[in-house]
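Following: one structure in structure tokens, then a few remarks.
Chains as they are written, first to last, in this note's numbering: chain A, 1 to 397; chain B, 398 to 563; chain C, 564 to 667.
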């Protein structure tokens, strides 16, 4: 098939799925946070608030698009564009699965594979700080300025441990192309322990993984590192002066960054779309089984409804789960869905961790944040890199 | 395709460069410089320097320029006031620079050996592997010296910028 | 010249133009930070010719040179911005014309 046509179709599919994921990630976050804090969360729009993202989008689009009189207009309008563009760009090099056959067309579940894929993601994400810094500066507001300042200092500081943490698994897999990185993590030790970077010899990258996750929290301005938008100190930080779609752009950029970082962690450390254990022991049947169990649980809960509407919504959820389970038995879909399932499951687990930590931990103080980056994270990442390179050099002899 | 990309990027680079010289406000100047760096990174890709293009964005645009913007924001530097102008600089500067560029253009035309044009994909020595092999074999000593230099720079920056505790 | 290739001289010319612009900014601007950024522009222009020559000679050495230039530029930015911070702390100005006590 024509290369350009294929690329356009793939880009459209990826963009649609990504934007839907971002909207529902926000729903999931609100719901999970609510349950962590013993509330119920959004449940007015649609069953269990499932249409809430749609309502939010309508609200944000139809709000009055106001430009405060005291801002620097050009940069004020440029900042959200920069933020959202550089947040969405990295998804173009992330592989979601293996090579698939759709109606006779063989293609990779990835927009494009660069031989400098990891560097590309690092480069693009390091440009994202301009959106935040410019928003803070151009708003001409002291809270925004403080938010922008904090953000740029924080991002520069945490980029170092993050880059060092990324470098050590790269020593094991010996490539910068994200596709090849995942392919080099295939296989199992003794058929049970996967050869993912966090388990791979000669030096399992478990420390690098933890450092990467912490630095990623800081890079995406998430709790406990959300100082640029600390609401009880800085109103809303760098986006205090932004409303309607411009606010939505920053919001979307934050969630897109979360997804990117979770994908990167999955690809570098958790073996991308490689299953948790070998297909010899039946990992191919796990997704169908998981969905079936979910459906049965929903059905069981639907028999004893705690709330009035649960009588209808839970059996409906059960039916959806059964259909999803059934999809895995269709041979044509199986090859596409299996890698996608494992990839989505790992990314979802990391995103869940994000939300869980947001519901659990308090915020750092600013000096603690800097101290933590330079005095703890940086040396640990450095030592980990040194040990890794030493052991890789010895093992290759 | 190569020609179109080159023309677009070079026009952006020159426009941003002119903007850097003309803008009175440091933030505008800093962002123009980021624009120059971004378009130069694309040109490096065209010249087969995949690694150097990534380093350009990560180190220059992503770290050094963020540091500049950080300092501009920290000092809350405003636009340059329209002070006394050095008229001789305005009078002779542009012609002298034009002469400089023309001389270089002449030198390039006269001295550069004829060769086929630059085409994307002809030279791939600038890949991460190629650079890595060069750095850790031929250029090992300069590489180590540069790392010492950057260590000294870090110490110097800390000594200069830290608050004295009395 | 083929339709799909760019003469090497154009790259060198672009590099020269950017270098000239850097010189212009260095001389005309009076804000220390902008002057400093003009220096960075000159370094970038030189890097472009390094990479272009590297292509011409089919050797990666030029890339290594520009890598070193980048590292030195980063070190220079760290020290230079620290100096600018100190100057601002002591004199509350960023105008190079007003930092002149060593002149007399």
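We put the CB at the ideal spot given by N, CA and C, even for glycine. Values in this document were obtained by computation on a predicted structure and should not be read as measured data.
- request: List the residues that DSSP assigns as beta-bridge partners of residue 189 of chain A.
  value: A:193
Presumed contact (8 Å Cβ cut-off) between residue 76 of chain A and residue 67 of chain A, rounded CB distance: 7 Å
message: Please list, in chain order, the chain C residues whose beta carbon lies closer than 7 Å to that of residue 513 of chain B.
response: 568
query: What whole-angstrom Cβ distance do residue 152 of chain A and residue 466 of chain B have, given they're in contact under 8 Å?
result: 7 Å
query: What's the gap between the Cα of residue 176 of chain A and the Cα of residue 117 of chain A?
result: 6 Å
- request: Would you mind giving the Cβ-Cβ distance between residue 505 of chain B and residue 575 of chain C, rounded to the nearest angstrom? I have them listed as a contact below 8 Å.
  value: 5 Å
query: Going along chain B, which residues have a C-beta under 8 Å from residue 609 of chain C?
result: Within chain B, no residue comes near residue 609 of chain C; the closest Cβ sits about 11 Å away, beyond 8 Å.
message: Applying the 10 Å Cβ sphere with the 16-neighbour rule, what's the burial state of residue 384 of chain A?
response: buried
field: Buried/exposed call for residue 182 of chain A, threshold 16 Cβ in 10 Å
entry: buried
query: Cα-Cα, which of A:274, A:282, A:270 is closest to residue 339 of chain A?
result: A:274
- prompt: Do you know how far the Cα of residue 631 of chain C is from the Cα of residue 123 of chain A?
  reply: 18 Å
query: List, in order along the chain, the chain B residues whose C-beta lies closer than 7 Å to that of residue 524 of chain C?
result: This structure leaves residue 524 of chain C out entirely; chain C is present only between 564 and 667.
Simplified DSSP state of residue 159 of chain A, which is helix, strand or coil: helix
query: residue 471 of chain B versus chain A: which residues are under 7 Å apart at the beta carbon?
result: 149
- request: Sort out for me which residues DSSP pairs residue 101 of chain A with in a bridge.
  value: A:106
Member of A:267, A:375, A:392 whose CA lies at the smallest distance from the CA of residue 158 of chain A: A:375
task: May I have the straight-line CA-CA distance separating residue 348 of chain A from residue 70 of chain A, to the nearest angstrom?
output: 42 Å
query: What residues in the segment 632 to 661 of chain C have a beta carbon less than 8 Å from any beta carbon of chain B?
result: 633, 634, 635, 636, 637, 638, 639, 640, 641, 642, 644, 645, 646, 647, 648, 649, 651, 657, 658, 660
field: Neighbouring residues, chain C, relative to residue 426 of chain B (Cβ below 9 Å)
entry: 588, 592, 594, 596, 597, 600, 601
message: Assuming the contact rule is C-beta atoms closer than 8 Å, residue 417 of chain B and residue 584 of chain C should be a hit. Round their C-beta distance to whole Å, please.
response: 7 Å
task: Starting from the beta carbon of residue 115 of chain A, find every residue of chain B whose beta carbon is closer than 8 Å, and list them in chain order.
output: 447, 524, 525
message: Whether or not the segment 610 to 621 of chain C and the segment 436 to 449 of chain B are in contact is what I'm after, with contact meaning three or more pairs of Cβ atoms, one per stretch, closer than 8 Å; do they touch?
response: yes
- request: Can you grab the Cα-Cα spacing for the pair residue 386 of chain A / residue 203 of chain A, in whole Å?
  value: 11 Å
- request: Put residue 564 of chain C into one of helix, strand or coil per three-state DSSP.
  value: Interpretation of residue 564 of chain C is limited by its pLDDT of 45, a score under 50 that renders its predicted location unreliable; the figure taken from the coordinates is listed afterwards. It is coil, neither helix nor strand.
Delimiting residues of the alpha helix (DSSP H) encompassing residue 590 of chain C: 571 to 591
query: Which of helix, strand or coil does DSSP assign to residue 594 of chain C?
result: strand
- request: Return yes when the Cβ of residue 579 of chain C is within less than 8 Å of the Cβ of residue 501 of chain B, no when it is not.
  value: yes
query: In chain order, what residues of the same chain lie with their CB nearer than 8 Å to the CB of residue 564 of chain C, ignoring the 5 residues before and after it?
result: At residue 564 of chain C the pLDDT is 45, less than 50, meaning the model places this residue with poor confidence and gives no usable figure here.
message: Using a Cβ-Cβ cutoff of 9 Å, what residues of the segment 451 to 466 of chain B are near chain C? List them in chain order.
response: 452, 453, 456, 457, 460, 461, 462, 464, 465
message: At 4 residues or longer, what runs of the alpha helix (DSSP H) sit wholly inside the segment 471 to 536 of chain B?
response: 484 to 508, 525 to 533
message: So, at 6 Å on beta carbons, what are the nonlocal neighbours of residue 200 of chain A in its own chain, with the 5 sequence-adjacent residues on each side left out?
response: 172
field: Exposure label - residue 679 of chain C; buried when at least 16 CB within 10 Å
entry: Since the first and last residues shown for chain C are 564 and 667, residue 679 of chain C lies out of range.
field: Residue burial classification, residue 510 of chain B (beta-carbon count within 10 angstroms, cutoff 16)
entry: exposed
message: Measuring alpha carbon to alpha carbon, tell me which residue in B:524, B:475, B:430, B:543 is nearest residue 594 of chain C.
response: B:475
- prompt: Would DSSP call residue 29 of chain A helix, strand or coil?
  reply: helix
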